[in-house]
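There are 2 protein chains.
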Amino acid sequence: MSAGRGVTFARGFTAGATAAGVKHGDAGRLDVALLVAERPCVAAAAFTRNQVIAAPCVVTRRHVARGPLRAVVVNSGNANACTGEQGEHDALAMAAAAAQAVGARTEEVAVASTGVIGIPLPLDRIVRSLPRIRPTVEGWDPFSRAIMTTDTRPKVAEREVWLRGAPVRIGGIAKGAGMIHPDMATLLAFVTTDARLDTAGAQRALRSAVDASFNAISVDGDTSTNDTALLLASGASGIAVDGDAWEPFVDALTDVCGELARAIVADGEGATKVFEVRVQGAATAADALAAARTITTSNLVKTAIHGADPNWGRILAAAGRSGARLDQRRASVRIGGVDVFSRGSPSTWDANEVRAVFERATIEIDVDLGVGDATAKAWGCDLSAEYVHINADYTT
Amino acid sequence: MSAGRGVTFARGFTAGATAAGVKHGDAGRLDVALLVAERPCVAAAAFTRNQVIAAPCVVTRRHVARGPLRAVVVNSGNANACTGEQGEHDALAMAAAAAQAVGARTEEVAVASTGVIGIPLPLDRIVRSLPRIRPTVEGWDPFSRAIMTTDTRPKVAEREVWLRGAPVRIGGIAKGAGMIHPDMATLLAFVTTDARLDTAGAQRALRSAVDASFNAISVDGDTSTNDTALLLASGASGIAVDGDAWEPFVDALTDVCGELARAIVADGEGATKVFEVRVQGAATAADALAAARTITTSNLVKTAIHGADPNWGRILAAAGRSGARLDQRRASVRIGGVDVFSRGSPSTWDANEVRAVFERATIEIDVDLGVGDATAKAWGCDLSAEYVHINADYTT
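As you go down the protein sequences, you meet chains A and B in turn.
Add 61 to a position in the first sequence, counting from 1, and you land on the number used in the numbering used here.
Add 61 to a position in the second sequence, counting from 1, and you land on the number used in the numbering used here.
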């Protein structure tokens, strides 16, 4: 995790946050945040694929489709989801209040919310709190903390990439610890850049980065109603992202999103271990991804990893039910580089070597399906008793 | 749960079990079991849909396809899965030894195994133990305990149904507590009847019963490599299952399988609560089933139920990611008959009433997707810290 500035690393952005009392029972905690762009920014967004979609996503999708954005307003503590017509009205009112605070038009503001579902948004408190926020370049830090819910730490990442001989910056801040699963993993992610992008390019770059990062992680297999990833491009670097500049830009954007995504998995509710699943030998890329994702979401794999158990049988069984084609007589599994199942038969391994694998920061699991050439990666975390405690005690 | 005789309730069957020492570190525990039919029986089978399929399933599928069965041999403690060519050899040798013990041909014996994956079967111990088993009508009890792994109690069910003025009996014994999920839930189930069925009818009746029972339950979303459901029909009642007799027979068979399936969920690893999800208002039956199953497997729903939290937001979000079409402005959720979300908006409810709901033996969850007329049911259990302990400590 970088120490960096996240959303204010790129030129042209400021941020800030305040405590509005949305998080009930915790009046002093930061829970409303603003990200402000000096000038209108080209924007792109990716949202949850859950059919139950929260009001702020509906409003933000509309605003992004309309044109450039000037600001993003976020609250934690209340998701404004499953709140009916009132919810959409509240999300729009929140955008309007933020627009007034920063001197923009309502449709130039994106809205994001995260927290409990089905409780009306405490709109008044949010509206009253917004004028108190003084966005600055240093404001990335309170911003990163204000958007947290069950997260135990902020997620911040940035990259500088040289394009056409000049530095272009990309930075992001994300939150998410539960309800995290592929299909736009359950999270909020805000990424800014000073590169110059057109709308179609911004959307294409974000989609590519999201698919290889946020859509390849899983904490608990549950997709949220509020997932939002936003990209704002200020153009302040003067560097256009096209031609030769496209690939290095998208790579850097993917790196930023990937670092944020892995930070989310590492901070998964109750997580004590992160694992990376690398599938090869699949018939198709879709098969590879299906197998990788199914392994990262298997409760039996997750508990085995929690117990530091090289249980390749559960890994193979998860691949076997994923729908991906596999040949069990040619399949292989390695855990942390140690052969545990090789071309259809269990291997013998050194118990000490395997023990050491489970002490690594990230446990690498390689699975060869034995039928083709396609590959995919996915990231998951272990399932602990603490996960159960967190989610059994969480109040609706 | 009935007190009954399970697999020896129908006329023409005996059973027994012994302790062969397959379950390591627990030499005194029953772990090899025999079910014997007086005469060759028409047989039908359903197996795991996992592509990683264990050797005993491969052998049993072949034997069922060949013709009538005389016996079933089962061991617990070792799944004989992912054991390569040796595994298939061992499964066949186990069938041959059982055939010799009961005076049948090898291809008249079905084999089933359950336990750890990837360890060669201790074939010698199993073979040596078989002559010690003396199958009797009372042997259903040791049989029911010998096939258990992490199960805490035997699962036994039976029904008598009058067809054409005469009693026909159906009884079954099952095991399963983890790796339980639709697509032939992870389990072994042995059902016998004294009805007279032809092979096609037996297969059709079993498929119908399995789809509405074992394929509609989930403990942890993980499908096993060894799932097997077997139906043996002795014909000893003299009553043929055709014409008017078909439907009452299949209903009774479904009842037996359903009772066994719900007993498996209730005994799910670490389970303290069972819930039944009834989806209505779906566009198609497949949509209804997808929504019901996704809700029963959601870790967030399962932990909410563990915490006695009427968290309809998680229920709705699980339906929303299931792929089933839903209209969130017309959707409704009831928990134990209490309206918690009604036609797109949260309801207000009596906290005492909801608390009482969570004290019931089975918690009923009704979800209306608000788009059509199709319905489906599924059963699940809560996710507890105990589940994590059981599965993190289980040894490969």
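Think of the CB as a built atom: it goes at the ideal place given N, C-alpha and C, for glycine as much as any other residue.
Inset, instruction - Report the option in A:GLY138, A:ARG416, A:GLY77 and A:ALA313 whose CA atom is closest to the CA atom of ASP255 of chain A. - result: Closest in alpha carbon position to ASP255 of chain A, among A:GLY138, A:ARG416, A:GLY77 and A:ALA313, is A:ALA313.
Inset, instruction - Decide yes or no for the touch test of the segment 217-227 of chain A against the segment 140-152 of chain A: beta carbon pairs closer than 8 Å, at least 3 of them. - result: Flag = no, the segment 217-227 of chain A and the segment 140-152 of chain A do not touch.
Inset, instruction - Would you list the one or two residues that DSSP bridges to CYS442 of chain B? - result: In the DSSP output, where bridge partners are listed per residue, CYS442 of chain B has B:VAL335.
Legend entry - Nearest residue (CA-CA) to ILE376 of chain A, options A:ASP303, A:THR357 and A:ALA385: It is A:THR357.
Legend entry - alpha helix (DSSP H) segment containing GLU169 of chain A, residue limits: From DSSP, GLU169 of chain A is part of no alpha helix (DSSP H); its letter is neither H nor E.
Inset, instruction - Would you check if the distance between the CB atom of GLY405 of chain B and the CB atom of ARG386 of chain B is smaller than 7 Å? - result: Not closer than 7 Å, so no.
Inset, instruction - Specify whether the segment 156-168 of chain A and the segment 129-139 of chain A touch according to this definition: at least 3 beta carbon pairs, one from each stretch, less than 8 Å apart. - result: Segments in contact, yes.
Inset, instruction - Give a yes or no on whether the C-beta atoms belonging to ALA76 of chain B and LEU96 of chain B are separated by under 7 Å. - result: Yes. Within cutoff.
Inset, instruction - Tell me, please, whether the CB atom of ARG382 of chain B is closer than 7 Å to any CB atom in chain A? - result: The beta carbon of ARG382 of chain B falls within 7 Å of a beta carbon belonging to chain A, placing the residue at that interface.
Legend entry - Of the listed residues A:LEU249, A:ASP303 and A:ALA159, nearest to ALA263 of chain A (C-alpha basis): Nearest Cα to ALA263 of chain A within the set A:LEU249, A:ASP303 and A:ALA159: A:ASP303.
Inset, instruction - Go ahead and label ASP328 of chain B buried or exposed: buried means 16 or more other beta carbons lie within 10 angstroms of its beta carbon, across all protein chains shown. - result: Counting of Cβ neighbours within 10 angstroms places ASP328 of chain B among the buried residues, the total reaching 16 or more.
Inset, instruction - Report yes if the C-beta distance between VAL170 of chain B and ALA159 of chain B is below 7 Å; otherwise report no. - result: The Cβ atoms of VAL170 of chain B and ALA159 of chain B lie closer than 7 Å to each other.
Inset, instruction - Would you mind telling me which residues of chain B sit closer than 7 Å to PRO407 of chain A, beta carbon to beta carbon, in chain order? - result: By Cβ distance, chain B contributes CYS143 and GLY179.
Inset, instruction - Flag VAL428 of chain A as yes when its Cβ comes closer than 6 Å to any non-hydrogen atom of the ligand ZN, and as no otherwise. - result: The ligand ZN is not part of this structure, which contains no ligands at all.
Inset, instruction - Go ahead and label VAL198 of chain A buried or exposed: buried means 16 or more other beta carbons lie within 10 angstroms of its beta carbon, across all protein chains shown. - result: So VAL198 of chain A ends up on the exposed side.
Legend entry - 8 Å Cβ shell around ILE424 of chain B - same chain, five flanking residues per side excluded: Counting only Cβ-Cβ distances below 8 Å, and skipping sequence neighbours, we find LYS334, VAL335, PHE336, GLU337, ILE366, ILE396, GLY397 and VAL418.
Inset, instruction - Verify the CB distance criterion: does GLN112 of chain B have a CB-CB separation below 7 Å to chain A? - result: Answer yes: the Cβ-Cβ gap between GLN112 of chain B and chain A drops below 7 Å somewhere.
Legend entry - Residue(s) in a DSSP beta bridge with VAL309 of chain A: Looking at the sequence itself, residue 309 of chain A is Pro, so the reference to Val does not match. Residue pairing of PRO309 of chain A in beta bridges, as defined by DSSP: absent, with no partner found.
Inset, instruction - Could you tell me which chain C residues have their CB closer than 7 Å to the CB of HIS450 of chain A, listed as they occur along the chain? - result: This model lacks chain C altogether; the protein chains it does include are A and B.
Inset, instruction - Pull out every residue of the segment 352-374 of chain B whose Cβ sits closer than 9 Å to any Cβ of chain A, in chain order. - result: Flagged, chain order: THR358, SER359, ASN360, LEU361, VAL362, LYS363, THR364, ALA365, ILE366, HIS367, GLY368, ALA369, ASP370, PRO371, ASN372, TRP373 and GLY374.
Inset, instruction - May I ask you to report which of helix, strand or coil DSSP gives THR423 of chain B? - result: Here THR423 of chain B sits in strand by DSSP.
Legend entry - Which listed residue (A:GLY226, A:ALA380, A:LYS438 and A:THR260) has its alpha carbon closest to that of ARG127 of chain A: Its Cα nearest to that of ARG127 of chain A, the residue A:THR260 stands out among A:GLY226, A:ALA380, A:LYS438 and A:THR260.
Legend entry - Where the segment 254-270 of chain B meets chain A: residues whose CB sits under 9 Å from a CB there: Listed in sequence order: no entries.
Inset, instruction - For GLN389 of chain A, decide whether its Cβ has a neighbour in chain B, counting only Cβ atoms nearer than 7 Å. - result: Yes, its Cβ sits closer than 7 Å to a Cβ of chain B.
Legend entry - Cβ-based burial, ARG225 of chain B [other Cβ within 10 Å; buried from 16]: Note on ARG225 of chain B: under 16 other CB atoms within 10 angstroms of its CB, so exposed under the neighbour-count rule.
Inset, instruction - Return the CA-CA distance between ALA235 of chain A and SER274 of chain A, expressed in angstroms with no decimal places. - result: Distance between the alpha carbons of ALA235 of chain A and SER274 of chain A is about 12 Å.
Inset, instruction - Give the single residue among A:GLY331, A:GLY67 and A:ALA353 whose Cα lies nearest to the Cα of VAL340 of chain A. - result: Per the Cα distances, A:ALA353.
Inset, instruction - Using the Cα positions of ARG421 of chain B and ALA369 of chain B, report the straight-line distance between them to the nearest angstrom. - result: So the alpha carbons of these two residues sit roughly 11 Å apart.
Legend entry - As assigned by DSSP and simplified to three states, the class of ASN413 of chain B: The answer is helix: DSSP assigns ASN413 of chain B an H, G or I state.
Inset, instruction - Using a threshold of 7 Å, state whether the C-beta atoms of SER279 of chain B and GLY441 of chain B are closer than that. - result: Against a cut-off of 7 Å, the Cβ pair of GLY441 of chain B and SER279 of chain B comes out as a contact.
Legend entry - Pair within 7 Å by beta-carbon distance, VAL113 of chain B and GLY381 of chain A: Yes, they are a contact pair.
Inset, instruction - Step through the CB atoms of chain B and report whether any lies within less than 7 Å of the CB of ALA437 of chain A. - result: No, its Cβ sits nowhere closer than 7 Å to a Cβ of chain B.
Legend entry - C-alpha gap between ASP244 of chain B and GLY176 of chain A, whole angstroms: Confidence in ASP244 of chain B is poor, its pLDDT being 44 and thus under 50, which makes the residue's placement too unreliable to answer from.
Inset, instruction - From the DSSP output, read off the bridge partner residues of GLN341 of chain A. - result: Beta-bridge pairing links GLN341 of chain A to A:ASP429.
Inset, instruction - Tell me, please, which residues DSSP counts as bridged to LEU249 of chain A. - result: The partner list for LEU249 of chain A (beta bridge, DSSP) reads A:LYS236 and A:THR289.
Inset, instruction - Give a yes or no on whether the minimum CB-CB distance between LEU248 of chain A and chain B is below 7 Å. - result: No, LEU248 of chain A does not count as interfacial toward chain B.
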